[in-house]
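Numbering (the numbering used here), first residue to last: 22 to 376. By construction, the Cβ of each residue, glycine as well, lies at the ideal position given by its N, Cα and C atoms.
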Ligand code: UD1
Ligand code: UDP
């Protein structure tokens, strides 16, 4: 069976890598990698192919940036041509970015089965573009691969047939466990103690009245320990547009996977609004302050080191002080976050394709 594996934006690359690798071992599956080009900077895309050993995409749609409708529509137009030409038996999409939703819609309308990896996560906040992408993708998917029991419950509540849901674990953690030793062995020039920051959610960075107090909190933290901030292009653009100060904060370009994982694994604390970082810090045992009001990944709070502090200066600084005084929960791995999720996924796909 021919399978189109879709990637588009940074967090997709670490999710698809173990699936592509596992599919290569299956003689009955032909994996074809499609990159939509949603992310295109060297540091937001190509570096991950090198770091994670992902093969060069077989097809590159080159869609680039735009409004939600522009980007989604461009992906759909280009991906439809690929589907018509390649006639795949399955389309695999990962995560919750625009590329995930756009390719699911195209495949579903061409009656090509869709597998969604990381299905069922819900923040219950439809102001997040990702929540819309998750809802639409899961409504259309024929195979729903989940990372946690709460995701299974969410899907069942939405009326998804239990036979379509497969609790397989977390492919992002497959990648982390595979590359951790290599990342930690890198020689990276870094302070002994430091806070590692990433920010890119529109709700935080597109509004100066939300972004300013976050940056003020980071400046305050930088008086205690260095603050290292690999800055996402969306955020860099906004900081400059709004004329905000980054005093005291060490901003750097976005990092490749291995270098970033090196910094993440020995950080004193991570402050972020990323989805993936909540999961990675849970496995690394690093305190994570999530600068959001909600999370679609509640196991990182119940099992992990994550605390929801919101984009609130006082709460960020209170939590930071608690980390510095050593008061933090230890965290432990959620069920099946064991490095074998991609094996389970490919096993299910092979079973189904053989029927
Ligand atoms: C996207 C995803 C988000 C994910 C994030 C990961 C959607 C709706 N959002 O957000 O879920 O968490 O990626 O990083 O799919 N830009 C560049 N170079 C690039 C890519 C983007 O300069 O390689 C700039 C452009 O100005 C662009 C802006 O960043 O307009 C936003 O990019 P976009 O892909 O629309 O959304 P992200 O904020 O990156
Ligand atoms: N990441 C990276 N370099 C960076 C910032 C993040 O390699 O400079 C990795 C991070 O370790 C994780 C993934 O990118 O594996 C998370 O992606 P992102 O935060 O962009 O998206 P989200 O998870 O919020 O969808």
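Distance from the C-beta of residue 72 to the nearest heavy atom of the ligand UD1 is not below 8 Å. Beyond the five residues adjoining it in sequence on each side, residue 64 comes within less than 6 Å, by CB distance, of 274 and 275 in the same chain, given in chain order. Taking C-beta separations shorter than 7 Å and ignoring five residues to either side along the sequence, the partners of residue 300 in its chain run 191, 193, 194, 318 and 321, following chain order. In this structure residue 207 is exposed. Its beta-carbon is surrounded by fewer than 16 other beta-carbon atoms within 10 angstroms. If only complete runs of 4 or more residues are kept, the region 106–150 shows the alpha helix (DSSP H) at 119–130, in order along the chain. If the five residues before and after residue 134 are omitted, its C-beta is found closer than 6 Å to the C-beta atoms of 111 and 163, all from its own chain and listed in chain order.
With a threshold of 16 other beta carbon atoms within 10 Å, residue 365 meets it and is buried. Relative to the ligand UDP, the beta carbon of residue 226 is positioned no closer than 8 Å to any heavy atom.
Rounded to whole angstroms, the separation of the alpha carbons of residue 53 and residue 79 is 6 Å. The three-state secondary structure of residue 205, taken from DSSP, is helix. In the DSSP assignment, the residues bridged to residue 329 are 311. Contact between residue 176 and residue 165 holds: CB atoms are separated by about 6 Å, below the 8 Å threshold. Spatial neighbours of residue 140 in its own chain (CB-CB distance under 7 Å, excluding positions within 5 residues in sequence) are listed in chain order as 159, 162, 165, 166, 167, 172 and 176.
Below 8 Å, enough C-beta pairs join the region 35–48 and the region 102–119 to call them touching: three or more. The beta carbons of residue 60 and residue 31 sit about 5 Å from each other, so the pair counts as a contact at 8 Å. Secondary structure note for residue 229: its alpha helix (DSSP H) is the uninterrupted segment 229–242. CA-to-CA, the gap between residue 227 and residue 373 works out to about 43 Å.
With a cut-off of 8 Å on Cβ pairs, the region 302–314 is not in contact with the region 93–104, counting fewer than three such pairs. Residues of the same chain with a CB within less than 8 Å of the CB of residue 104, apart from the 5 flanking positions on each side, are 25, 112, 127, 128, 131 and 133 in chain order. Note that the C-beta distance between residue 220 and residue 312 is below 9 Å. For residue 335, the closest of 282, 263 and 241 by C-alpha to C-alpha distance is 241.
Taking 8 Å as the cut-off, the C-beta of residue 31 counts as close to a heavy atom of the ligand UDP. Residue range 278–286 is occupied by the alpha helix (DSSP H) that includes residue 286, with no beta strand (DSSP E) assigned at that position. As a beta-bridge residue in DSSP terms, residue 270 pairs with 248. The shortest CA-to-CA distance from residue 70 to any of 358, 347 and 196 is the one to 196.
Note on geometry: alpha-carbon atoms of residue 156 and residue 213 lie some 42 Å from one another.
Assignment of beta-bridge partners to residue 164 by DSSP yields 136. Secondary structure at residue 66: coil, using DSSP grouped into helix, strand and coil. Residue 191: not part of any alpha helix (DSSP H); DSSP gives it neither H nor E. Its chain contains 47, 49 and 50 as the residues whose beta carbon lies nearer than 8 Å to that of residue 371, once the 5 sequence neighbours on both sides are disregarded; these appear in chain order. At a Cβ-Cβ threshold of 9 Å, residue 93 and residue 136 do not count as neighbours.
In chain order, 277 place their CB closer than 6 Å to the CB of residue 68, counting only its own chain and leaving out the 5 sequence neighbours on each side. Residue environment analysis places residue 83 among the exposed positions, since fewer than 16 neighbouring C-beta atoms fall within 10 angstroms of its C-beta.
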